[in-house]
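> Read in order, the letters of the sequence shown are residues 64 to 170 in my numbering.
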Amino acid sequence: MHMIDLQRDANRQISDLKFKLAKSEQEITALEQNVIRLEGQVARYKTAAENAERVEDELKAEKRKLQREVTVSAAVTGQPAPCGGNLPLWGVSEEEPSFLAQQRINI
């Protein structure tokens, strides 16, 4: 009788361990799928960040170009060159042209 009880306990332990093994394998598979998904997200975010940096560099270059044009235009017209980042680019008048005001309303 004692041997039969030991055999049952051993079989129960084997069954429990097989179940735990199967469950662990499922968890590993799920985690591997998460890793693949997250690696894809990282690649997309990296590409988006690189594109944003490229656009930022282009915008900075365009801003420098426009600032040079404003300075040259001011020198040609004899007006003092503006020295600030928040400048009206439409001329001497402080009044905003109507088309710019209309665009601001539409936004």
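For glycine and all other residues, C-beta sits at the position ideal for the given N, C-alpha and C.
Taking the alpha helix (DSSP H) that residue 223 belongs to, which residues open and close that run?
Nothing about residue 223 can be read from this structure; the chain reaches only from 64 to 170.
> Can you give the Cα-Cα distance for residue 21 and residue 105, rounded to whole angstroms?
Nothing about residue 21 can be reported from this structure: the residues present for the chain run from 64 to 170 only.
> In whole angstroms, give me the CA-to-CA distance for residue 136 and residue 120.
On the sequence shown, position 73 is the one that residue 136 refers to. On the sequence shown, position 57 is the one that residue 120 refers to. Residue 136 and residue 120: Cα-Cα distance of roughly 24 Å.
> Leaving out five residues before and five after residue 170 in sequence, what residues of the same chain have Cβ atoms less than 6 Å from its Cβ?
Your numbering for residue 170 matches position 107 in the sequence shown. Legend: pLDDT at residue 170 = 49, less than 50; position of this residue unreliable, no value from coordinates given.
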